[in-house]
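Protein chains in written order, with our numbering: chain S, 76 to 376; chain H, 20 to 302. The beta carbon of each residue, even a glycine, is placed where N, CA and C say it ideally should be. Note that the coordinates shown come from a computational prediction; the quantities given were computed from them, not determined experimentally.
Encoded structure:
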């Protein structure tokens, strides 16, 4: 067997799901016996059959990837419950195996996949989508690229309505149907409380609390998931802020972004200019803007 | 011999793997440690805290990069994005050499995130050596390949593991990261004499040595990096040091990680063997 063929044969078996008892399946990817499949390319020894030896790798693959999913999506796990989360993760990884050299990107396609497969979240579909978006945004904010930020004085009024700006690459703007920021913070608080002294009773109690928090009622919120001094924050913002920032992120001019924000706004006309001034002051202080393509912002203040 | 072209002519002593639970201790206490090994993939990112911590470590310590997903032995071509990011990191760390495993782990662009064993064939040796050369030429630094722990052997193999290692490193003209714990684990899983392996390695190509602990099960041993080093592995290390001289040595501890001091103290046990080698050389 040539190298490429052998690797393809072994990888198919290694990436095949485990049984409910976390053992290798008896049926091979070709529909025949896994014992025969394994013995075609793996030698047995005096202690382990070919099947046993292949199973070590099969189990390691799933244990490693499932633990990475648990680490990256604790909020979604709280929403779905442990068993359903594990079953969902297996189905996701079967459809979307890792295409990256780093496990960091394992969940990059989870939101899109969940939208296509609503059965996994059932009645909690929208909540599940929201928490997944937040958890992925959290990963991106943690280690995403930061450009040199524009200071407040560089965003002066003289730049005019044609000013184009770019958001920092690490920032995600989320319009959410559920206040999942509260949920994720609660889940993390519970996780931090886990220590060596935890016993089965405490674990059960903790799971119940998290499950209770996961039963959120809808409440539309707008979030900017950003980073400050290397820590990730979930900042709630006004609808108008969200519209301006998203429009700027889409490459629209400042004038058009502001126009879009107040089109259906309840903010009284007299207060709008002051609101915009304050928002920009905050955003600049947080370092959210960087130079856009063709920006009219001067190079140096 | 210890300072050679495969480790950038450096003479590093005993290091440990840089792991997140120790960041705070290292940055606040600034303990004496010869060098740290980083997992390249943990820092092949665009920004944020990991890179800030790495930069602080680089200001005070020597750092060497060790990768886990180059997959020199995968039949497919190297991932260009991986290489681009790796080169960016190499420029940042100025690592004198870089290591990754003699294994495969990806097929048709799908990653297993495991260190899967090679079939020891001449075809595999040729393809692997070619990829090692490509990576080294692109990165423009010395590359060392590490022997992995394995749990399976293939019918198609045409040679022993150490013969395969020698074949690859000769064809690629690269260095070796000799993991004596992995040799021990594989020797138990495949019933060979680990000293045959250590005695067969081309000593002049050894850039670095790894030591670690493992987990013993009833029918096999798993390379878990979550225990102290056991005596038989220290004996292999002693033999390796007798052959290759005072070589940069690193303790890996990746799971159930104890305090910095505990990990470092375990690593420093290597001094006993290194100093006896120095004494023998002096005499």
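Helix, strand or coil at residue i according to DSSP, with G and I counted as helix
i: residue 225 of chain S; result: coil
i: residue 28 of chain H; result: coil
i: residue 233 of chain H; result: coil
i: residue 265 of chain H; result: coil
i: residue 233 of chain S; result: Here residue 233 of chain S scores only 47 on pLDDT, less than 50, and its place in the model is too uncertain to base an answer on.
i: residue 325 of chain S; result: coil
i: residue 177 of chain S; result: coil
i: residue 120 of chain H; result: strand
Separation of residue j from residue i, as counted between CA atoms
i: residue 160 of chain S; j: residue 152 of chain S; result: 5 Å
i: residue 107 of chain S; j: residue 89 of chain S; result: 16 Å
i: residue 162 of chain H; j: residue 226 of chain H; result: 9 Å
i: residue 288 of chain H; j: residue 250 of chain S; result: 56 Å
i: residue 235 of chain H; j: residue 241 of chain H; result: 6 Å
i: residue 95 of chain H; j: residue 128 of chain H; result: 8 Å
i: residue 201 of chain S; j: residue 211 of chain S; result: 15 Å
i: residue 271 of chain S; j: residue 44 of chain H; result: The predicted model places residue 271 of chain S with a pLDDT of 48, which falls under 50 and marks its position as unreliable; any figure quoted below should be read in that light. Between residue 271 of chain S and residue 44 of chain H, the C-alpha separation is close to 21 Å.
i: residue 253 of chain H; j: residue 204 of chain S; result: 51 Å
i: residue 55 of chain H; j: residue 268 of chain H; result: 10 Å
i: residue 270 of chain H; j: residue 325 of chain S; result: 49 Å
i: residue 370 of chain S; j: residue 307 of chain S; result: With a pLDDT of 48 at residue 370 of chain S, under the threshold of 50, the modelled position of this residue cannot be trusted, and the question is left open.
i: residue 311 of chain S; j: residue 166 of chain S; result: 33 Å
i: residue 102 of chain S; j: residue 154 of chain H; result: 39 Å
i: residue 48 of chain H; j: residue 58 of chain H; result: 22 Å
i: residue 73 of chain H; j: residue 62 of chain H; result: 8 Å
i: residue 231 of chain H; j: residue 197 of chain H; result: 12 Å
i: residue 83 of chain H; j: residue 114 of chain H; result: 5 Å
i: residue 216 of chain S; j: residue 302 of chain S; result: 6 Å
i: residue 173 of chain S; j: residue 131 of chain H; result: 7 Å
i: residue 5 of chain H; j: residue 132 of chain S; result: Residue coverage of chain H in this structure runs from 20 to 302, which leaves residue 5 of chain H outside it and unanswerable.
i: residue 215 of chain H; j: residue 25 of chain H; result: 23 Å
i: residue 66 of chain H; j: residue 243 of chain S; result: 11 Å
i: residue 169 of chain S; j: residue 290 of chain H; result: 47 Å
i: residue 136 of chain H; j: residue 170 of chain H; result: 8 Å
Per-residue contacts from residue i into chain H (C-beta, under 7 Å)
i: residue 305 of chain S; result: 67, 68 and 71
i: residue 218 of chain S; result: 64, 65, 66, 67 and 69
i: residue 79 of chain S; result: 94
i: residue 302 of chain S; result: 67
i: residue 128 of chain S; result: 170 and 171
Delimiting residues of the alpha helix (DSSP H) encompassing residue i
i: residue 78 of chain H; result: 68-79
i: residue 330 of chain S; result: 329-336
i: residue 194 of chain H; result: First-last for residue 194 of chain H: 194-198, but that is the beta strand (DSSP E), not the alpha helix (DSSP H).
i: residue 274 of chain H; result: From DSSP, residue 274 of chain H is part of no alpha helix (DSSP H); its letter is neither H nor E.
i: residue 78 of chain S; result: 78-89
i: residue 352 of chain S; result: 344-360
i: residue 44 of chain H; result: 42-48
i: residue 219 of chain H; result: 213-219
i: residue 101 of chain H; result: 99-112
i: residue 131 of chain H; result: Where residue 131 of chain H is concerned, there is no enclosing alpha helix (DSSP H), although the beta strand (DSSP E) it sits in stretches over 129-135.
i: residue 204 of chain S; result: 200-218
i: residue 146 of chain H; result: 141-158
Residue range of the beta strand (DSSP E) that includes residue i
i: residue 302 of chain S; result: 296-303
i: residue 309 of chain S; result: 306-312
i: residue 283 of chain H; result: Note, residue 283 of chain H: premise wrong, no beta strand (DSSP E); alpha helix (DSSP H) at 279-287.
i: residue 35 of chain H; result: 33-36
i: residue 125 of chain H; result: 123-126
i: residue 57 of chain H; result: 54-58
Residue i: contacting residues in chain H (beta-carbon distance under 8 Å)
i: residue 172 of chain S; result: 129 and 130
i: residue 122 of chain S; result: 238 and 239
Closer than 9 Å at the beta carbon, the chain S residues around residue i
i: residue 133 of chain H; result: 89, 132, 135, 136 and 139
Under 8 Å by beta carbon: chain S residues contacting residue i
i: residue 98 of chain H; result: 176
i: residue 286 of chain H; result: The contacting residues do not exist; residue 286 of chain H stays about 25 Å from chain S at best.
i: residue 101 of chain H; result: 176
i: residue 234 of chain H; result: Neighbours of residue 234 of chain H on chain S: none; closest Cβ ~12 Å, over 8 Å.
i: residue 88 of chain H; result: 176 and 177
i: residue 107 of chain H; result: Residues of chain S passing the Cβ test: none, with the nearest at roughly 12 Å.
heavy atom of the ligand ATP below 7 Å from residue i C-beta
i: residue 146 of chain H; result: This structure does not include the ligand ATP; it has no bound ligands of any sort.
Residues that residue i contacts on chain S, provided the C-beta gap is smaller than 7 Å
i: residue 142 of chain H; result: 77 and 78
i: residue 126 of chain H; result: 82, 83 and 86
i: residue 174 of chain H; result: 116 and 118
i: residue 181 of chain H; result: By Cβ distance, chain S contributes nothing, its closest Cβ being about 17 Å from residue 181 of chain H, past 7 Å.
i: residue 123 of chain H; result: 82
i: residue 138 of chain H; result: 78 and 81
Partners in chain H for residue i, counting only beta-carbon separations shorter than 9 Å
i: residue 245 of chain S; result: 65, 66 and 67
i: residue 221 of chain S; result: 65, 66 and 67
Give me the subset of the segment 265-289 of chain H whose CB atoms are less than 7 Å from a CB atom of chain S, sorted by chain position. none
Any C-beta of chain S within less than 9 Å: which residues of the segment 198-214 of chain H qualify? 208, 209 and 210
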